[in-house]
Structures are given as structure tokens and as C-alpha cells.
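Notes to accompany the following structure.
Residue numbers (this note's numbering), protein chains in the order written: chain S, 1 to 499; chain Z, 500 to 663; chain E, 664 to 997.
Quick look at the structure:
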């Protein structure tokens, strides 16, 4: 009960006119940040952080967290319309979102993505409200071995889903791992695979690879087929929102499952990216429409978006209660808290009640405001697809170049983006799946780091991955997921052989 | 992969073999780099090149299988027609030039010319529309990135001269 | 200069707090100043840089905007090389941490601090030896005894990065006490502190700001500070103790001192006027209450050095790092 009283007090704080103004401003800025490639949530929040110093801390954190929500919403827009995910966790949204847009269902896909985001975030906020301290102590259980187990599970639940030849999938995934390994090896502090080049010091950023492989590659494919984007016939009135809403309750099981996966991954803190991939992978296996995933199935948009937002929101909890950020953006918010003289950690919930509950209340309100803002804009976004290709294509190419440049302020990255674009075009034409490649780039070095940290701690014994119930359970789940897909493949091969 | 047209073009088989060989070459480079970084199991667990080494091996082996499968399969279709590839190159070549000159001219000038070229030659728009979009986009970009979000973008002599 | 909507909205809020500082130096920036952070977003250097950016903006200390840019690739090598290659560009400054010395030594990238122009030392970051509060060790001696009794390598020390400051301290502690730790590198200091709370490692050498929240929460216990004298901040944090009450490691029989540079450098070939301008700017930053709050929250050592004194300090530290890293076997081989 005390929590509820605190929450209502929090609503009173968040509903002050100045704070509501700040909230709307934050959402709009966030959506812009999310739409522009290169200005991801973390960068956006970091860039705007100093501008909030002159505000009271509660208003400032409300503004920053609303930028965060806005960026989460905005990330889905480019994924669906142009196949360009602005954030790692939007990658899985492209798998079905972009095909939907090509079929003229951009409005439906956007509505489904925004609504799912809202549902996921709401679920996570309710969880934060009710069980914050309990959940925080769960996060403490996660050492390197547990983290590796989670990444392992994410890989296993996703791998083997593609219909491409298995050795092409392996090759694609390994290319991703190899690219992720370039640069500084964080365990030995040694450079590897850089061949003395200073440009390769940074390694290959996910964003550059994905802008090239997905975005530029798609433009090249479109050029091959003639000068037009399919999907120009997208409906552009607000009724599409209501129609999609009517359809969405059907996927409540997927939604609920994705919420739980997301919350769990957000707290652990493995983050939103494995959450979105894992949720998509499991939904594809379990859903009766699983066969249609990847061809424009609305459920394939609901699953990753719900999980990503539940994770993104839940990631704020370990940040507040432990001071350990669950996502890069949370890391920047954490820096903000310290600058305002608020120390995140076990005492924050006790000493800074007004701040904490003001923030939690703003999560409810910020998400609601965000949902209303982006849903009213659905027709505008869908109408972008009606702009003729020869106008929109150069603009996208320029924006991609800016996005690639702003990751590390390096023109070398822009060149790499174009190389990735041509490579993406060739790989796609030759039937190599791009999703495992991207998943490996995003999670490869993190998984390797966790694996080697575990081995350092256990002095080389692999038994550490089964040393307690928690890590053992996750590993076994991962193995089941891995072999499940093999069994399924074997089964379907038998069936086709018999036919 | 359209095969119903009579237009000529590179065969799918040849392109796929080429791509597979490129991937194998990439794998070989990864193996070479890993050996340089140290691939054995050191005092602190696996050394920097341990994982990349096996990843490189996997890439080479998988490519060998893919090459074998690709050559064995009787896919005689075309990869694409020359006309289609010409379309693709009409984007790749100017984009390469655009990316290549950016460090010298800055982003803005290069973007104006690139957008203008694309709209005029591929889209056949009239000059006023071309000029409006080609000039408008960099101005909006400048305001949003450099003024609002304080993200500096590459600049060249013209921006220097304008004192931006 | 045309202001955006955002600036106008925020400026309205900022006006009340704006001070009246005028630039006195002969040179002034004519373009936005890029403030390079050779580390990722959210880390200690990044926090300091963004605090400075906020202070400069809030008090109108500079006519041109200050833009923070993270260049963390290759343990910060990316940022240093960027500044090195920006000769004659006075609109680029960089904040350093110990990777100023450790990165070129450990990776062999072609860079030395002499490739840049030293501006000023802003502060020094302290290092504290932490253990989990549930553990019985109350003093350095009890802890060292426990490490000695455990099988070699079974006690785990967590730290930020590999072959960087935390691991250098760890090796020095091993040398001073004749013990052996297993060092486990993590990405960020906050994560290290939480790993200690969760008992995934046995001790850490976190900076004060990274671990203070867990200390306040009664989860961690500081044993000693790796400085020549005790810290200056006497405000009570937990158990009736403040930073001032933490003994120096030397007084506890652990002879090791280590402080991390938080200093400013600028691009090569800067003129005297340009350096003077930035020194003046940082003097003004240091005078603000926000800066003093920030120093207090992180229990920083507030030594401020410029010019020849600063260069001399950096030179001594460079030699020391070279010796320490050579002894530990951390130097690049290729």
C-alpha cells in the first residue's frame, strides 16, 4: 500500500504543468533522435544531458527519460519503413515490419509496433512499482557465467530459424563474430585483427554494419527491380490504428510471453537486444503462424517490440537500485543522476522518494503521451512511402552517411557503410541470411567477454557454467532451444524426403 | 532471380562462387590476424586470438562446403541482367564518389551535388524542384545536427570560408 | 547565431542561474569547441566532461558551444590519435585518464602525451580498496592474511579494463604483499562495484564515485586509500565514517600510492594565447558551486596544476607507468 501512496504522490509531481511541458518536449525530441540514424538513444540523451542542468533534478530526469521513450518509439519507424534499424533492438522489428510496409501495410505495422512498445513498457513499469526491491536482489545473482548463459540462450533460441542452407547460416554468423572481434580485446587489453590500421581500432560498430547491410543493401535491391518502393499504396488515415487495435488482442499470449522475457532480460541486465531476438525466435517456434514469420506477419512485429520495450524499461530498475546500467542509455542517465547529486543505489529509494516516484510516475505518463504522439503521426509516417523513389533514395543515402559518420566522427566509417551495403546486396542475392550476422556483431564480443571472465574466475574450468542452479538452468534451456531447432529441421527434412 | 528474360548477364553460379571465395579469403585473413595475436591458452585463459582463430576456421570450412554445394547445384539462372546491374551501379558509383570526396569537400557540398545528380538524372525532375530539395536538405541537416544536437559533421573549405 | 526552439526553451530556464563572466584572454574560440572523451558514454571521464559542458553552458563561460564527443575505440587510442592529427586546430581539447599512458604502452599505438599540448590538471581521482561488507575482514592486515592463506589465485580482484590502472594497482598490491590475485576485467566501474556486492569477485580498487552508493547502502566496506594522505571530505557516509576516516594504504603496511589524472590537453602546436584561454576557462569552471559539489560527490583530490608544473607531473607519471607496466609484463610485444 505504501507504494501506491508514494506513486500517487509521484503522479502529483509529474503532473505539474512545467513537468508535462518537459515531458512532451522530451518525447518529440526523442522521436526525432530515434528516427535519425546515428543519433541513438544513448547519444541523444548524452547530448541533451548538459542542457538539463538548469532544471530541478526531477524535471530533468523526466525530460531525459521521455527522450528515452521517444527514441524507443522512433527506432521502429525507420526499421519498418526503410529496413534501417536505428538501434540494435529494432533489428528484429525489420524482419516482419519491413515486409508489411512493402505489402502496403505500413500503417498497421507502425500501429502494432507502437502499441506493443507501450504494452511492454507498461508491464515493466507495473513490475517496477510493485516488486522493485525483490527484483533488484535478483539482478545481484548475475555474474559473468550467468551473463554468458543468457547470451547463449539468446543465440540458441534464434539460431536455426532461417530457411537458408545451414552452412550459409554458419558462414554468415561467423562473419559477424569475426567482425565483432576486431579492435581491442577487452580481456587482455591487446589489439587484434587491426593489422596496424588506426581506423580499425574502433572495431566495426553495429550501426555501420546494419545501415549498410540492411539500408543501403535494400536500396540496391530496389534499384535492380526498377525505380520504386513497393508500399506506396499504404493507407494513410487514422482509421488504420483502430483496425489494427481490433486485431491485436488475438496475440495476447505472444504479448505476455514477450513482456516476461523482456523484463527478465532487462533486469539481468543483458538488455533489450537479446530480449528482442529471443522473443522473436520463440514466437516464431511457438506460434501457429510461425511459418509465415519473415513474410510480413503482425505477430512478428508484436513479439520483438514488446520484449525490447519491456527490457528497456526494466533496465532502469537495476540502474536506480544498484547503480548498474542495463543499457547504454541507462548508463548515460546514470551519469546524469550523479551530476545532479543523486546517488543511485540501495539508498535512493529511501532517501529520494520524491525523485524516484516522480520518475516512476513519469514512466506511466511519458509512455502514454508518447503513444498518443506517435499514433497520431502514423499517417504522416506512412505517407513518406509515397514520396517518389528518386527523391527519397538520395535523402536516405545522405542520412545513412550522416548516421555512419556520427557514430565515431570518422569518414572511414562512411566508406565501410558503403562496403557493407554492396556486401549486403551480394549476400542477400546469394541466399545468405543477414540476421544471424547482425546478431553476432551485436552480441559476439559481449558473449566472448562474459565467457572469458567466467573462465578467469573459475581458473579455466568449464564447470562454472553448471556450478549453480541459476546458471545451470539457463544453460540447459539454451541447449534445449538449440537442439529443438535441429530436431525440427531433421523432422522437416524427413517429411520432405518422404513426400 | 528472373530467368524468363532473354537478356544476358552473369550466371548465378559464377557470382555465388565469387562471393564464397571472397568469404573464404576473409576467413583466411581472420586466421592470419588471430595467429599474430596469439591463439594458445595463456596464463589468463584463452589469449586474444583464440576465439577469432576458430571463427576463421569455421568460415573457411563453411565456405568450402558452400562452394561445393553451389557448383554441384544445377542452378543455371542469371544472377541479374546486365541492365539491372547497370541500374545498381548507377547508385553504387555515384555513392562511392560521394563518400570518397566527403573528407575533402565536406558533407554539405557533396550532399547537394549528390542529391541534385540523383534527382536530375534518375528522377528527371525539373531544376527548381531539384534545387529546392538539394539545397533544402543540407540546410535542415545543418540546423538539426549542428545547431540543435551539437553533432559536428565533416566540413570542407566552403564552410571554413563561410565561418560555420 | 540562430537559436533553435530547444535552446530558447532551455535558455528561458537557464537565465536565472546565468553568471556574468567575461573572457579576458587575447584569443577566443570562433567555432564550437570539440571536447574529446577517450572513453565510453557514462564512464568517469565522460561524466566529468559532461559536467564541465553543463557548467560552461549554464554560466555562459564561453561564447561558442562546447561539444562533447566520445572516441573510445582501442582503449581511448582513437581519441588521442584524433587530437594528435589535429595540429593547428585550437578548437579541440581532450580530457585524459590513465589511459594517456597505459594505452600506448599496452597496445603499441603510435602516440605519446608529448604529441599534444598540456593545458591543466583539473583533479586527481582516488583509488580505494573495497571488500564486501559481509566478509569478516575489517582491516588491510586481516584481508591480506586471508589472501595469503587461500590457495594462490583463488581470490578474485575485479577492475575496469585490462592492463590499465586497476590491474596495475592489483599487480603492485601483489608485489607489496607477496600474494597472488586473479584479476577479472569488466567494462565499467559501476559494474565492478555491483559484482563485488553480488560476491562474484572478492575485492576491487574502485574510484570513490563508483562505489559510494554501495557503501552508503551498507553493502561494501572500504579498507584503505591508495594516496599519500587521507582524503579531505569529512561528511559522514556510512557507519559514522566518511572519506576522511579511511586510512592510507601505506599506514596499513601496503606501500602503494596511485592517483589517476583527470587533466586537459589540446591539439599540437597550440599558441600560448590559446592555452591561456583554456586555463582561464577551467579556472572559472573550478570556481562554480556545481564543480565543487561534483568534486565532493566523487571525493576527488583537487590539485590544480598548469604549465611547466603540469608537464613535469605528467612526465614523472609516464616514467612511473613505464616501470610499473614493465615489471608487470604489460608492455606491447609487437
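Don't be surprised by glycine CBs; every beta carbon is placed ideally from N, CA and C.
Exposure of residue 459 (chain S), with buried meaning 16 or more beta-carbon neighbours within 10 Å: exposed
Nearest to residue 451 (chain S) by alpha carbon, out of Z:546, Z:635, Z:647 and Z:628? Z:546
Going straight from the alpha carbon of residue 33 (chain S) to that of residue 248 (chain S), what length do you get? 28 Å
For the region 442 to 467 of chain S, list every residue whose C-beta sits within 7 Å of some C-beta in chain Z, in sequence order. Of all residues in the region 442 to 467 of chain S, 448, 452, 455, 456 and 460 have a Cβ within less than 7 Å of some Cβ in chain Z.
Chain Z contact residues for residue 697 (chain E), given Cβ-Cβ distances below 9 Å: What residue 697 (chain E) touches in chain Z: 651.
With respect to the beta strand (DSSP E) encompassing residue 587 (chain Z), which residues constitute its N-terminal and C-terminal limits? It is not in any beta strand (DSSP E) - residue 587 (chain Z) instead sits in the alpha helix (DSSP H) that spans 581 to 604.
Grab me the residues of residue 998 (chain E)'s own chain with a C-beta within less than 7 Å of its C-beta, minus the 5 sequence neighbours each way, in chain order. Nothing in the structure corresponds to residue 998 (chain E), since chain E is present only between 664 and 997.
Residues sharing a beta bridge with residue 821 (chain E), DSSP: E:847 and E:867
Taking only the alpha-carbon atoms, compute the straight-line gap between residue 337 (chain S) and residue 722 (chain E) and give it to the nearest angstrom. 20 Å
Look up residue 173 (chain S) in the DSSP assignment and say whether it is helix, strand or coil. helix
Name, please, each residue of chain S whose Cβ falls closer than 8 Å to the Cβ of residue 562 (chain Z). One finds 171 in chain S with Cβ atoms closer than 8 Å to the Cβ of residue 562 (chain Z), taken in chain order.
Compare the Cα-Cα distances from residue 965 (chain E) to each of E:893, E:905 and E:928 and report the closest residue. E:893
Does the beta carbon of residue 53 (chain S) sit closer than 7 Å to a beta carbon anywhere in chain E? yes
Name, please, each residue of chain Z whose Cβ falls closer than 7 Å to the Cβ of residue 730 (chain E). 649 and 651
Does the pairing of the region 426 to 445 of chain S with the region 173 to 187 of chain S give three or more beta-carbon distances under 8 Å? yes
Below 8 Å CB to CB, which residues in the same chain sit around residue 558 (chain Z) once its five sequence neighbours on both sides are set aside? 522, 523, 525, 526 and 529
My understanding is that residue 508 (chain Z) touches residue 580 (chain Z), with C-beta atoms under 8 Å, so please give their C-beta distance in whole angstroms. With a Cβ gap of about 4 Å, residue 508 (chain Z) and residue 580 (chain Z) count as contacting.
Check for me: the beta strand (DSSP E) holding residue 755 (chain E) runs from which residue to which? Counting along the chain, residue 755 (chain E) sits inside the beta strand (DSSP E) bounded by residues 755 to 759.
Residues from the region 590 to 611 of chain Z in contact with chain S, defined by Cβ distance under 8 Å: The residues in question are 590, 591, 594, 595, 597, 598, 599, 601, 602, 606 and 610.
Report the neighbours of residue 872 (chain E) on chain C: residues whose CB is nearer than 7 Å to its CB, in chain order. No chain C appears in the structure shown, which is made up of the protein chains S, Z and E.
Taking 7 Å as the CB-CB limit, is residue 61 (chain S) close to chain Z? no
Does the Cβ of residue 777 (chain E) have 16 or more other Cβ atoms within 10 Å, making it buried, or fewer, making it exposed? exposed
Around the C-beta of residue 881 (chain E), are 16 or more other C-beta atoms found within 10 angstroms, so that it is buried, or is it exposed? exposed
Specify, as a first and last residue, the run of the beta strand (DSSP E) that residue 923 (chain E) falls within. If you look at residue 923 (chain E), you'll find it in the beta strand (DSSP E) that goes 923 to 929.
Comparing the C-beta of residue 956 (chain E) with each C-beta of chain S, is any distance below 7 Å? yes
Along the region 396 to 409 of chain S, what residues have a CB closer than 7 Å to any CB found in chain E? 408 and 409
Interface residues of chain E facing residue 332 (chain S) [CB-CB closer than 9 Å]: What residue 332 (chain S) touches in chain E, judged by beta-carbon distance under 9 Å, is 704, 705, 709 and 713, going in chain order.
Count Cβ pairs between the region 459 to 475 of chain S and the region 145 to 163 of chain S that sit closer than 8 Å; are there 3 or more? yes
Run down chain S in chain order and give the residues with a C-beta less than 9 Å from the C-beta of residue 845 (chain E). Result: 456, 457 and 459.
Could you tell me the distance, in whole angstroms, from the CA atom of residue 550 (chain Z) to the CA atom of residue 475 (chain S)? 20 Å
Beta-carbon proximity list for residue 1009 (chain E), same chain, < 7 Å, skipping 5 on both sides: Chain E is shown only over 664 to 997; residue 1009 (chain E) falls outside these bounds and no answer can be derived.
C-alpha distance - residue 804 (chain E) paired with residue 824 (chain E), whole-angstrom precision: 27 Å
How would you label residue 687 (chain E), buried or exposed, when you count the other beta carbons within 10 angstroms and need 16 or more for buried? Only weak support exists for where residue 687 (chain E) lies, its pLDDT of 49 falling under 50; the coordinates are left without a value.
Taking CB distances under 7 Å as the criterion, tell me whether residue 182 (chain S) reaches chain E. no
Please report the distance separating the alpha-carbon of residue 136 (chain S) from that of residue 120 (chain S). 19 Å
Which residue from S:204, S:339, S:216 and S:124 puts its Cα closest to that of residue 392 (chain S)? S:216
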